[in-house]
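These notes concern the structure reproduced below.
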Amino acid sequence: LPTDFDWRDKGAVTPVKDQGSCGSCWAFSATGALEGAHYLQTGELLSLSEQQLVDCDHECDPEEFGSCDSGCNGGLMNNAFEYTLKAGGLEREKDYPYTGTDDTCKFDKSKVVAAVSNFSVISTDEDQIAANLVHHGPLAVGINAVFMQTYVKGVSCPYICGKRIDHGVLLVGYGSSGFAPIRFKEKPYWILKNSWGQSWGEEGFYKICRGHNSCGVDSLVSTVASLHTS
Amino acid sequence: DADPLIQQVVPEANDNLLLHAERHFSSFKATFGKTYATQEEHDYRFGVFKANLRRAKRHQGLDPTAVHGVTKFSDLTPSEFRRNFLGLKRLRLPSDANKAPILPTND
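Heads up: the sequence lines are chains A and B, in that order. Mapping the first sequence onto this note's numbering, position 109 (from 1) lands on 109, and the numbers just tick up by one. With the second sequence counted from 1, adding 1000 to any position gets you this note's numbering.
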């Protein structure tokens, strides 16, 4: 594995988006992963529609009560991949633009540009997460966002942070030695793409330390593979 | 008073932030284009903003390698923030979840 890796440098990451006042982070995390997978499959970077997921995806996890995707009221990235697999794919952002409110489904299958062929959950081992990131593109991950409300910049590495994940983001890369003078050594970190606009964090991105499942970042990691559509 | 052996003689960086909360709130409103419908709403949000400055200070102590401070969410209570900007449902991975194959990580 390379010591530093960033899919942004390789053109697999669309510009930072803004979910607005809507609990649709799960949709942005899912589209980000599929945008990356589609780029790896075709060499073309497309911005995909979160609003299609917000409006049309009501997929449920049959094993967990209340886990159905429900637009601005929340959802799960794995459910979104399941929906996308069943529906046939996602439209472009510009064909089904984001409004940040729950609305009726206006999905037009003839406008599908990216489809899912498979998706998997990844072991919580950080080397496996890094290997899957490098081999399969950006990964959908969950995180506990309690420190993100006040985050401005730098590498976040809280001494204490809950592991109960409540926010969906996109893992796009990692660095080997960015910080930690207080811990007297250089520490590696993950680079996460968020969906709160460019005015939040480091131009929309968040850095969190690697190594001990900080804020639960290793506990829900999913990879998706794109099906080539013509 | 709490510990006569150790006395802090320099101000903490974020104390300055709290001392000038009003000025920071004006700057926050200008930066993020925030307006409030009534004076009551404005006063309430200023109270929330000050609470968030104290929270940012606590976060800074717990997370010293990052910078914590005023963000676009500084006029929201933690529950408003969770309700409007988070949205990942509680999860227990299904037993039949497709597990990614283990990849080689040496070399």
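Built from N, CA and C at the ideal position, the CB exists for glycine as well.
Could you please give the first and the last residue of the uninterrupted beta strand (DSSP E) stretch that includes residue i?
i: C209(A); result: F205 to C209
i: N118(A); result: V112 to V121
i: K153(A); result: Y151 to S156
i: V134(A); result: It is not in any beta strand (DSSP E) - V134(A) instead sits in the alpha helix (DSSP H) that spans E126 to H136.
i: K231(A); result: Absent from the structure is residue 231(A), since the part of chain A shown begins at 1 and ends at 230.
i: H993(B); result: There is no way to answer for residue 993(B), as the model of chain B reaches only from 1001 to 1107.
i: L227(A); result: V221 to L227
i: L139(A); result: L139 to I143
What residues from chain B crowd round residue i, counting only those whose CB sits closer than 9 Å?
i: W200(A); result: T1071, K1072 and F1073
Name the chain B residues that come within less than 7 Å of residue i, Cβ to Cβ?
i: N234(A); result: Here chain A has residues from 1 to 230 only, and residue 234(A) is not among them.
i: W26(A); result: G1087 and L1088
i: D127(A); result: T1105
i: L243(A); result: Any property of residue 243(A) remains undetermined from this structure, which presents chain A solely from 1 to 230.
i: H228(A); result: Result: empty, since nearest Cβ-Cβ is about 20 Å, beyond 7 Å.
i: W196(A); result: F1085
i: H58(A); result: The contacting residues do not exist; H58(A) stays about 12 Å from chain B at best.
Cβ closer than 8 Å: which chain A residues qualify as neighbours of residue i?
i: H1068(B); result: F147, T150, Y151 and V152
From the beta carbon of residue i, is the nearest beta carbon of chain C less than 8 Å away?
i: T1035(B); result: In the structure shown, chain C cannot be found, because the protein chains are A and B.
Would the beta-carbon of residue i fall within 8 Å of that of residue j?
i: S67(A); j: K1089(B); result: yes
i: A131(A); j: G89(A); result: no
i: D55(A); j: T104(A); result: yes
i: T124(A); j: D218(A); result: yes
i: R210(A); j: W190(A); result: yes
i: W26(A); j: V172(A); result: no
i: P138(A); j: S214(A); result: no
i: S117(A); j: M77(A); result: no
i: G74(A); j: G1087(B); result: yes
i: F1049(B); j: A1066(B); result: no
i: K1072(B); j: F1046(B); result: no
i: P188(A); j: Y206(A); result: no
i: A266(A); j: L170(A); result: Nothing can be reported for residue 266(A): it is not among the residues displayed for chain A, which extend from 1 to 230.
i: N1098(B); j: V112(A); result: no
i: D127(A); j: T1105(B); result: yes
i: F119(A); j: V224(A); result: yes
i: T42(A); j: H228(A); result: yes
i: L46(A); j: H58(A); result: no
i: G220(A); j: I208(A); result: What sits at residue 220(A) in the sequence shown is Leu, not Gly. It is not a contact, given that the beta carbons lie outside the stated cut-off.
i: N1084(B); j: G201(A); result: no
i: G1069(B); j: V152(A); result: yes
i: T31(A); j: C72(A); result: no
i: Y83(A); j: D69(A); result: yes
i: L1103(B); j: H212(A); result: no
i: T14(A); j: E44(A); result: no
i: D1063(B); j: S156(A); result: yes
i: F1028(B); j: S1079(B); result: no
i: G204(A); j: V16(A); result: yes
By the DSSP assignment, the alpha helix (DSSP H) with residue i in it spans what residues?
i: G36(A); result: C25 to T42
i: M77(A); result: M77 to A87
i: V13(A); result: From DSSP, V13(A) is part of no alpha helix (DSSP H); its letter is neither H nor E.
i: Y1044(B); result: Q1039 to L1062
i: Q51(A); result: E50 to C56
i: S199(A); result: Neither: S199(A) is in no alpha helix (DSSP H) and is coded neither H nor E.
i: N1098(B); result: Unbroken run through N1098(B): none, as it is neither H nor E.
i: E1080(B); result: P1078 to F1085
i: K1029(B); result: A1021 to F1032
Given that residue i touches chain A, what residues does it touch there, using C-beta distances under 7 Å?
i: F1081(B); result: Q149
List, in chain order, every chain B residue whose beta-carbon is nearer than 8 Å to that of residue i.
i: I160(A); result: L1062
i: V155(A); result: T1065 and A1066
i: Y1(A); result: According to the sequence provided, residue 1(A) is Leu. The question's Tyr does not apply to it. Correct list: T1105.
- Does the segment 95 to 103 of chain A touch the segment 40 to 52 of chain A, meaning 3 or more C-beta pairs lie closer than 8 Å? yes
- Message: Please list, in chain order, the residues of the segment 39 to 56 of chain A that have any C-beta partner in chain B closer than 7 Å.
- Response: none
- Task: Spell out a yes or no on whether the segment 186 to 206 of chain A and the segment 130 to 148 of chain A are touching, meaning 3 or more CB-CB pairs, one atom from each, closer than 8 Å.
- Result: yes
- Task: Scan the segment 162 to 178 of chain A for residues whose Cβ lies nearer than 7 Å to a Cβ of chain B and list them as they occur along the chain.
- Result: I165, D166, H167 and G168
- Item | Against chain A: residues of the segment 1054 to 1065 of chain B by CB proximity under 7 Å | R1055, A1056, H1059, L1062, D1063, P1064 and T1065
- Task: Give the residues from the segment 111 to 123 of chain A that approach chain B closer than 8 Å (Cβ to any Cβ), ordered along the chain.
- Result: N118, F119, S120, V121, I122 and S123
- Report the residues of the segment 3 to 29 of chain A with a CB closer than 9 Å to any CB of chain B, ordered along the chain. Q19, G20, S21, C22, G23, S24, C25, W26, A27 and S29
- Could you list the residues in the segment 210 to 227 of chain A with a C-beta less than 7 Å from some C-beta on chain B, going in chain order? L220 and T223
- Message: Any C-beta of chain B within less than 8 Å: which residues of the segment 92 to 110 of chain A qualify?
- Response: none
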